[in-house]
Structure formats: C-alpha cells, structure tokens
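K.L.:
Provided herewith is a single structure, encoded as structure tokens, for subsequent inquiry.
Number of protein chains: 4
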Amino acid sequence: MQSNPSSPERDTKSVIFQTAFKLFATHGYQETSISMIAKNAGISKGLMYHYYRNKEDLLLEVLKTVSLDQIKPANWDNQAPPKENLKRLIDLFLDYIQHQTYIKRFSLFLHLQGQHASEVLKLLDANISLWEKAFEELFLQLQFKDAQGEAIYLLTMLDGLALRHISKHSYGIAPMRKKLFSKYGLV
Amino acid sequence: MQSNPSSPERDTKSVIFQTAFKLFATHGYQETSISMIAKNAGISKGLMYHYYRNKEDLLLEVLKTVSLDQIKPANWDNQAPPKENLKRLIDLFLDYIQHQTYIKRFSLFLHLQGQHASEVLKLLDANISLWEKAFEELFLQLQFKDAQGEAIYLLTMLDGLALRHISKHSYGIAPMRKKLFSKYGLV
Amino acid sequence: MQSNPSSPERDTKSVIFQTAFKLFATHGYQETSISMIAKNAGISKGLMYHYYRNKEDLLLEVLKTVSLDQIKPANWDNQAPPKENLKRLIDLFLDYIQHQTYIKRFSLFLHLQGQHASEVLKLLDANISLWEKAFEELFLQLQFKDAQGEAIYLLTMLDGLALRHISKHSYGIAPMRKKLFSKYGLV
Amino acid sequence: MQSNPSSPERDTKSVIFQTAFKLFATHGYQETSISMIAKNAGISKGLMYHYYRNKEDLLLEVLKTVSLDQIKPANWDNQAPPKENLKRLIDLFLDYIQHQTYIKRFSLFLHLQGQHASEVLKLLDANISLWEKAFEELFLQLQFKDAQGEAIYLLTMLDGLALRHISKHSYGIAPMRKKLFSKYGLV
DNA sequence: GATGAATGAGAATTCATTCAT
DNA sequence: GATGAATGAATTCTCATTCAT
Numbered sequence: 103m104q105s106n107p108s109s110p111e112r113d114t115k116s117v118i119f120q121t122a123f124k125l126f127a128t129h130g131y132q133e134t135s136i137s138m139i140a141k142n143a144g145i146s147k148g149l150m151y152h153y154y155r156n157k158e159d160l161l162l163e164v165l166k167t168v169s170l171d172q173i174k175p176a177n178w179d180n181q182a183p184p185k186e187n188l189k190r191l192i193d194l195f196l197d198y199i200q201h202q203t204y205i206k207r208f209s210l211f212l213h214l215q216g217q218h219a220s221e222v223l224k225l226l227d228a229n230i231s232l233w234e235k236a237f238e239e240l241f242l243q244l245q246f247k248d249a250q251g252e253a254i255y256l257l258t259m260l261d262g263l264a265l266r267h268i269s270k271h272s273y274g275i276a277p278m279r280k281k282l283f284s285k286y287g288l289v
Numbered sequence: 103m104q105s106n107p108s109s110p111e112r113d114t115k116s117v118i119f120q121t122a123f124k125l126f127a128t129h130g131y132q133e134t135s136i137s138m139i140a141k142n143a144g145i146s147k148g149l150m151y152h153y154y155r156n157k158e159d160l161l162l163e164v165l166k167t168v169s170l171d172q173i174k175p176a177n178w179d180n181q182a183p184p185k186e187n188l189k190r191l192i193d194l195f196l197d198y199i200q201h202q203t204y205i206k207r208f209s210l211f212l213h214l215q216g217q218h219a220s221e222v223l224k225l226l227d228a229n230i231s232l233w234e235k236a237f238e239e240l241f242l243q244l245q246f247k248d249a250q251g252e253a254i255y256l257l258t259m260l261d262g263l264a265l266r267h268i269s270k271h272s273y274g275i276a277p278m279r280k281k282l283f284s285k286y287g288l289v
Numbered sequence: 103m104q105s106n107p108s109s110p111e112r113d114t115k116s117v118i119f120q121t122a123f124k125l126f127a128t129h130g131y132q133e134t135s136i137s138m139i140a141k142n143a144g145i146s147k148g149l150m151y152h153y154y155r156n157k158e159d160l161l162l163e164v165l166k167t168v169s170l171d172q173i174k175p176a177n178w179d180n181q182a183p184p185k186e187n188l189k190r191l192i193d194l195f196l197d198y199i200q201h202q203t204y205i206k207r208f209s210l211f212l213h214l215q216g217q218h219a220s221e222v223l224k225l226l227d228a229n230i231s232l233w234e235k236a237f238e239e240l241f242l243q244l245q246f247k248d249a250q251g252e253a254i255y256l257l258t259m260l261d262g263l264a265l266r267h268i269s270k271h272s273y274g275i276a277p278m279r280k281k282l283f284s285k286y287g288l289v
Numbered sequence: 103m104q105s106n107p108s109s110p111e112r113d114t115k116s117v118i119f120q121t122a123f124k125l126f127a128t129h130g131y132q133e134t135s136i137s138m139i140a141k142n143a144g145i146s147k148g149l150m151y152h153y154y155r156n157k158e159d160l161l162l163e164v165l166k167t168v169s170l171d172q173i174k175p176a177n178w179d180n181q182a183p184p185k186e187n188l189k190r191l192i193d194l195f196l197d198y199i200q201h202q203t204y205i206k207r208f209s210l211f212l213h214l215q216g217q218h219a220s221e222v223l224k225l226l227d228a229n230i231s232l233w234e235k236a237f238e239e240l241f242l243q244l245q246f247k248d249a250q251g252e253a254i255y256l257l258t259m260l261d262g263l264a265l266r267h268i269s270k271h272s273y274g275i276a277p278m279r280k281k282l283f284s285k286y287g288l289v
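So the protein lines, in turn, are chains A, B, C and D.
Counting the first sequence from 1 gives a position; my numbering is that position plus 102.
Counting the second sequence from 1 gives a position; my numbering is that position plus 102.
Counting the third sequence from 1 gives a position; my numbering is that position plus 102.
Counting the fourth sequence from 1 gives a position; my numbering is that position plus 102.
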C-alpha cells in the first residue's frame, strides 16, 4: 500500500499532464476533449478524475507550468561583458521560440484571450518584467540613453518575431538574428 | 414612420454580425455559441440561420470583413518624398492598431490558430505581402542595401507592437512611434 | 372584390397542391419542407397557410387525391368479349405503373407505413376491391373455377410487378405483359 | 452474480439495436428520432452514441442485419429432384414473409426509397440475384423453355405476395401457396 | 487505482408556424 | 392576398462528469 517502486501515481499523473499540455497547446483548450487526452495518454477517461478534479483543474495546472516554464533571462554571467550577455539573452529567446514553439503559442493565446485565470496572467506578466529588467540593465551598462525604451523596443521586436515565427510569416529566424546582432554590434 | 427604431433586415443582420464579431474577437470562435450570440443580439437562436447559413458562414462573413478591413498601405502619394510616405504608412498602421483593436486581435487569433478557413488566411497573408512590398519599395527609394530585409524588420516590429498593445504590455504606442520615426529620420 | 377573371386563388392553391404532391411523392412527406414547396411553387412560405391550415392538412388533401386518382378498372366495355376486357384492364394497370410511377410509389408507401389517416387507407382499399371485383367477374365470364382466387392471383402479380418496376428490379414491363397475355390467351 | 438481469454492453447495445430495428421498420428511418429510440429502449439519448457513431451508423448496422437476414435460397439438396427443391424454396420464401414480416417490410421500404445507403441496396440486390439464379437453374432442370423468364415471373409473384401480406391485403398466404404448388405441379 | 457504461446538459441546426406589414 | 422576418420546439450530436464494478 506504500507506493510502488515504479511510482505509478506520479507516472500516470505526469503522463496525463504532458498529454494534456501538448494537446491544449496544439488544438486549444475547448478543442481538446477528455476522450482525446485519455486516448493519447493511454488511460481511461475516468482515471483522469482521480488526479484532477475536472478539466478546468487540469488546464490550470498546465497554465501554471506554462507560466513557470517561460524562459527566464538566465545564462547570465556577471563577469562577462554586457554585449556577451546581450547576445546570450537574445540567443536564449530566439532558441526558445524555435524549439518551444507550442509553449510560446500557448502563452500568446492566453494573452490574446485575456479572460483566463488572472493568476496565470500575472505569472506571465511577471516574467515579461524580468526580461525587461534584464535588457534594461544591459542597455544601461552599454550606455544607452533610454535604456528602458531600448529594452522594450527589443522585446517588442522579439515578440513580433515570435508571432511571425508561430504564424509562419517569418522569413526565418536566422536572418533576423543577424540583423539584431549587427544592430547592437554583437559578434 | 420615418425610420423605425428597429428597422428590419439590414438592422437585424447587422446586429447579429456586430455581436458575433465582438464575441468572436474576444472569446474566440469555438468559445462563442450561437446561444451567446442570440442572447447578446437580442434575437432567437433560429433567426441567425435566416441570415447566415450556419455558424461557419457567419464566421466567414466576419473574417471577410476582417480581412477587407485590414489596413492597406494606402495614403500613398507618388509625388511625395519616400520619407513622407514611410511616415504615412507607419502612422496608418499604428493608428489602426489603436482604433481597430478588435479587428487586429481577431487577425492575430487567426494566425495563431492557423487552422481556420484557409481562404481567409490567404487574404490576410496577401495583405501582409502588400505591406512588405510597399515598405520594400520605399526602402529601395531610400537607398537601403537590404530593402526587403528592412521591410520585414519593420513589419516584425509593428506586429510585435500590435501584439503588445492588444495584450496590454505596451508602454504605449506613442513612444514607440517616436522611436521608429527617429530610427528612420522621419519628421 | 369578386374574384379575378384569372381566378388567382384557384390557381395558386392548385400550384401549391401540385408542387406538394410531386415533392411528397418523390422525397417523402417528412423530407419535404414547407420551404421547398414554397420555393418550387414560386410563392412565399406564409402564403401556404392561407390555403391550407398546416402541412398535415396539405398532406391529407394530397392523399385524398392520390386515393381518388388510383386507376379504376374503367375502359370497360360490356359488349366486348371478356378476353378483350381482361386485356384492357391489364394494359390499363401496366400503363399506369409505367407512367404514374410516383403516384404508385406513393400509395405503396402509404400501405407500408399503414399509420396514416385511416380514411385515406380506406379509399385505397376500396379501390383495390374494385379491381378484385372487376377481375373476378371477368374470370367468371371466362369460366374459371376459382374466379376470385384467380383475380387475387393476377392482382398479386401486378402488385409485384409494380413493386419491381418502382424499385428498378423489373426486367422490363413489356416481357411480363407478354407473359400475362399468353397465360390468359390474350391476343 | 450469475447473469445480471441487466448485463451490460452486449445487452444494452442489443436493446438499442432491436428497438431501432422495430421503429425503423414500422415508422421509417427519418420518422424515427433518437429520442424515440432512447425512450423505447429505456436509455439516455447520449448512450446510443456510445455504441453507434451516429444515427446513420445505427441504420447501417440494422440494414446490414436486414440484408444478411434475408432468406437465401438455401435448404438446397442437389440429390433431390428439382421439384422437391422448388417446393422447398417457395416454402422458405413464404415462411420468411410470414415470420420475418419486419425484416421484409424494411427491405421493401428500402427499395421504395431507393436513396439510402447504396451499399445496402447492393447487398439486397445481390440477394435477389441469388434467388433468380436459383429459380432459373431449377426451371432449367425442369425443362422450361424460358427458365429465366419463369424465375422472374415467380419472384415477381412472391414479391407481390410479400407486399400484400405486409399491407394486409393478402387473402392469406396459404391459398396462394397451394396455387403456386399446383401451377408447378408440386406435391 | 482503473475501467468504461451511463447520464444529462448544451451545442448547432432545421423547420413548421405566426404575424406585422 | 402575399411576404418573409421572427420564433421556439425538436432534432442530431458532443462531451464533461459520475459511478458501479
């Protein structure tokens, strides 16, 4: 009665979670039925209700994770020159867009709808602030007159890039990366 | 007997349309039920089907309007200097974002979902191309080496701005307008 | 206020009737909507309700006519030899099957469903009796031992033929006509 | 714990099926609503969709059974004299009409409508061919000049008989059986 | 824990019918 | 007579949720 060595609970719950996450992100919340989740997770419909109170609850869990899994301006090296750090952050963001497309898509969705659990939106907003702060500090170090303005400018650019990448209108991320690097004199 | 407070057809259809438009744009298509539309429009459920073949048709109609109401790079004056034209287009776009938030939100929705009515997406894409072409030509006239790249860069920026404005993360459009103007040496 | 020389009422009502008749017979009652009738008759939906209380009422009218329009064993010539009359009746029936296919189909439908207005069924049944009587008398004149039995036998055959013709399994009516004629030594 | 009064799945599905079958056969497909089926089967409306994809699917299932349950010209004994076999087939058909009235009524319905599920109609037609072939062979063995014509003649007769039996206009099947037997000199 | 049969509320849609004009 | 906008009940179907096993 303890809990199997193979920790089935953790496993099953996690499988449900991951499945739901992927489906929510690719099809949307409404368009994802419990049946779909169950089928994709390889469990019965009823079992979901052992781990989550209901569909909404499962969504909340996913949203919380999404907001926590946003890339944070990490990889930061206080010893490195600011240009090096700026380059790292931009790379981090662009790689994130490229490889976590559906997480990013999900968070854009959330912002567009706006209606969802404000606590989730708060987490997302907090993360955005984090990036603004990070860029602002770097631009300060780089002697920009309007460091905050430049930070927002850069983030706006990155958001536009994310949007275009997700909706396939990018002419590719690589050229834009180059453009940004050259704008800020990186590498 | 002049003009009834509730003159028929034109009015009712338009009420349905406007209601649906607003609801689609704020809640999304799937999340908006016919009941919601009917209730908000103050009509019976069945009446919608007098004016539109089905929900999809209503969506299409809305989408068509959305795509037609996209700002096109007009206000173009071949006699005017390219900088003047560039300024006009940027102004046009920014004003659009500010005043047609619903429409812009809707088209962002569509791009994020991607799945819907490919014909509409085509229209939207065509419009995007229009803007790219317009900016590209201006940048050519302005002697930019990579006119096309610059056009895309600018549009990406504007998209990011739109996204942030819609999701309330903008620090306002005005400062960004100034920034863009100064970047391109306008006014 | 009298009634126009072009007797519009009679006309319109008759158009509605004929349209409904054809549609009921080809698509079935449930499958025929008031809208269809109106469109095909070239009138508005509302107008139908001036001439008929409701859809059911229109059906009843059609059914009554159908039952009255059943071919009756007419073309009967008391002077002619019984074989001649037998031939005429068989021809009458077969021609009817061939040319009034959808009336016949309609009456078969009614018999299969059985549930409809018993008064209509009574009319149909009465007509069947008429045929039985007619054939029976002819077979009596032709000295058949079991004239009634033979009459029913022949009618059963004709019904089978009608059924097959309507459902396309006939190998054609012509050969069967020959067969029946030869069976009874006609022509 | 032996066999519950309401053992699940198999039972429920079968109850739905039987209910639908009976209702389809007596009222017709369109005239039978899911609500009717559910009410008559004593289940919720939704449950039907657990076992059948939709109403059409349920119909198909019923039709499949109908077409499979059509009497096939079996009971055939190659050793027996052809007259014996002919007698058996006629008996088989007549017994079928008498005892599987629902099924026969249903297949008549289908033929009259014609529109439905062409695959089912094909099955029914194939079965009809089977009978034609069987009778034809017997008539060949019995030295009929036009064996095929005679086969169709007999089947037409049997179809008429079925029709009349179902719509209650038969004067009973027994006398007709005698008549057919005597026509072919059986027993 | 796990299953899936069963339910019922709600969604989209159709359609006979009414009624103001 | 004639129109067609408007209604509301009914229909098919979906799906989150419950519950007996």
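All C-beta atoms in this analysis are idealised placements derived from N, C-alpha and C, irrespective of residue type, glycine included.
The structure displayed is predicted, hence computed values, not measured ones.
Give the residues of chain B in contact with D261 of chain A, contact being defined as C-beta atoms less than 7 Å apart.
P.N.:
The contacting residues are G262, L265, R266.
K.L.:
Would you verify that the beta carbon of R190 of chain B is, or is not, closer than 8 Å to some beta carbon of chain A?
P.N.:
R190 of chain B does not count as touching chain A.
K.L.:
Going by CA-CA distance only, name the one from A:L265, A:L257, A:Y198, A:F237 that's closest to L210 of chain A.
P.N.:
Comparing Cα-Cα distances from L210 of chain A to each of A:L265, A:L257, A:Y198, A:F237, the minimum goes to A:L265.
K.L.:
Can you tell me whether M103 of chain A is helix, strand or coil according to DSSP?
P.N.:
Bear in mind that the predicted position of M103 of chain A carries a pLDDT of just 42, short of 50, making it unreliable; the figure below should be weighed with that in mind. In the structure shown, M103 of chain A sits in coil (DSSP, three-state: anything other than H, G, I, E or B).
K.L.:
In chain order, what residues of the same chain have a beta carbon less than 6 Å from the beta carbon of L244 of chain B, not counting five sequence neighbours either side?
P.N.:
These residues qualify, in order along the chain: P184.
K.L.:
I want to verify the contact list: residues of chain A whose CB lies under 7 Å from the CB of E133 of chain B, in sequence order.
P.N.:
Residues of chain A passing the Cβ test: Q132.
K.L.:
What is the residue span of the alpha helix (DSSP H) that Q247 of chain B lies within?
P.N.:
Rather than Gln, the amino acid found at residue 247 of chain B in this sequence is Lys. Premise fails: K247 of chain B is in no alpha helix (DSSP H) and is neither H nor E.
K.L.:
Determine whether the Cβ of S269 of chain D lies closer than 8 Å to any Cβ atom of chain C.
P.N.:
Judged by the 8 Å Cβ criterion, S269 of chain D is in contact with chain C.
K.L.:
Assess, as a yes-or-no matter, whether the segment 170–182 of chain C is touched by the segment 224–238 of chain C under the definition of 3 or more beta carbon pairs within less than 8 Å.
P.N.:
Contact holds: three or more Cβ-Cβ distances are below 8 Å.
K.L.:
Using the Cα positions of L225 of chain C and G148 of chain C, report the straight-line distance between them to the nearest angstrom.
P.N.:
About 31 Å.
K.L.:
Find the nearest neighbour of F49 of chain A within the set A:Y198, A:N187, A:K141, judged by alpha-carbon distance.
P.N.:
Lying before the first or after the last residue shown, residue 49 of chain A is absent from chain A, which here runs from 103 to 289.
K.L.:
For H213 of chain B, which residues in chain A fall below 7 Å Cβ to Cβ?
P.N.:
Neighbours of H213 of chain B on chain A, chain order: S269.
K.L.:
Between A143 of chain B and I118 of chain B, what straight-line distance do the alpha-carbon atoms span, to the nearest angstrom?
P.N.:
For A143 of chain B and I118 of chain B, the distance between alpha carbons rounds to 6 Å.
K.L.:
I'd like to know if the segment 246–263 of chain A and the segment 274–281 of chain B are in contact, where contact means that at least 3 CB-CB pairs between them fall below 8 Å.
P.N.:
Yes, the segment 246–263 of chain A touches the segment 274–281 of chain B.
K.L.:
Is it true that the CB of M150 of chain D sits closer than 8 Å to the CB of I136 of chain D?
P.N.:
Closer than 8 Å, so yes.
K.L.:
Please classify D159 of chain B as buried or exposed, where buried requires at least 16 other C-beta atoms within 10 Å of its C-beta.
P.N.:
It counts as exposed.
K.L.:
Among the residues of its own chain, which have a CB less than 7 Å from the CB of V222 of chain A, if the five just before and after it don't count?
P.N.:
Result list for V222 of chain A: L165, K166, S169, L212, in chain order.
K.L.:
When you compare only the Cα positions, how much space is there between I205 of chain A and H129 of chain B?
P.N.:
In a straight line, the C-alpha of I205 of chain A is about 20 Å away from that of H129 of chain B.
K.L.:
If you measure from the beta carbon of L244 of chain B to each beta carbon in chain A, is any gap under 8 Å?
P.N.:
Cβ-Cβ to chain A under 8 Å: no for L244 of chain B.
K.L.:
When DSSP labels each residue in this structure, what does H213 of chain B get in the three-state scheme?
P.N.:
Three-state DSSP puts H213 of chain B in a helix.
K.L.:
Would you mind working out which of A:G262, A:L161, A:R155 sits nearest K124 of chain A, comparing C-alpha positions?
P.N.:
Looking at the Cα atoms, A:L161 is the closest of the given residues.
K.L.:
State buried or exposed for K270 of chain D, treating a residue as buried only when at least 16 other CB atoms are found within 10 Å of its CB.
P.N.:
Answer is exposed; the Cβ neighbour count stays below 16.
K.L.:
For K277 of chain B, which residues in chain A fall below 7 Å Cβ to Cβ?
P.N.:
For the sequence presented, residue 277 of chain B should be read as Pro rather than Lys. Result: G251.
K.L.:
Less than 8 Å between CB atoms is the rule here; does K147 of chain A satisfy it with respect to chain B?
P.N.:
Chain B contact via Cβ: absent.
K.L.:
So what does DSSP say about P183 of chain B, is it helix, strand or coil?
P.N.:
Here P183 of chain B sits in coil by DSSP.
K.L.:
Which value, in whole angstroms, describes the spacing of the CA atoms of A182 of chain C and T134 of chain D?
P.N.:
Their Cα atoms are separated by approximately 51 Å.
K.L.:
Using CA coordinates, which residue listed in D:S116, D:N156, D:N229, D:T114 is at the minimum distance from Y131 of chain D?
P.N.:
Comparing Cα-Cα distances from Y131 of chain D to each of D:S116, D:N156, D:N229, D:T114, the minimum goes to D:N156.
K.L.:
Since L210 of chain C meets chain D, which of its residues come closer than 7 Å, beta carbon to beta carbon?
P.N.:
Ordered by position in chain D, the residues that pass the 7 Å Cβ test against L210 of chain C are L214.
K.L.:
Along the chain, where does the alpha helix (DSSP H) containing S284 of chain C start, and where does it finish?
P.N.:
Counting along the chain, the alpha helix (DSSP H) containing S284 of chain C begins and ends at 275–285.
K.L.:
Tell whether a beta-carbon distance below 8 Å holds between M259 of chain D and G262 of chain C.
P.N.:
For M259 of chain D and G262 of chain C, yes; Cβs fall inside 8 Å.
K.L.:
For the alpha helix (DSSP H) containing D171 of chain D, name the first residue and the last one.
P.N.:
Unbroken run through D171 of chain D: none, as it is neither H nor E.
K.L.:
Return the CA-CA distance between G251 of chain C and D193 of chain D, expressed in angstroms with no decimal places.
P.N.:
Distance between the alpha carbons of G251 of chain C and D193 of chain D: 19 Å.
K.L.:
Using 10 angstroms around the beta-carbon of H267 of chain D, count the other beta-carbons present and answer buried if the total reaches 16, otherwise exposed.
P.N.:
That one is buried.
K.L.:
Count the other CB atoms, across all protein chains shown, that sit within 10 Å of the CB of R228 of chain D; report buried if there are 16 or more and exposed otherwise.
P.N.:
According to the sequence provided, residue 228 of chain D is Ala. The question's Arg does not apply to it. A228 of chain D is exposed by the Cβ-count criterion.
K.L.:
Starting from G148 of chain B, trace the alpha helix (DSSP H) both ways and give me its first and last residue.
P.N.:
Looking at the DSSP string, the run of the alpha helix (DSSP H) that includes G148 of chain B is 147–153.
K.L.:
So with CB distances below 7 Å, who are the chain D contacts of K281 of chain C?
P.N.:
Residues of chain D passing the Cβ test: G251, Y255.
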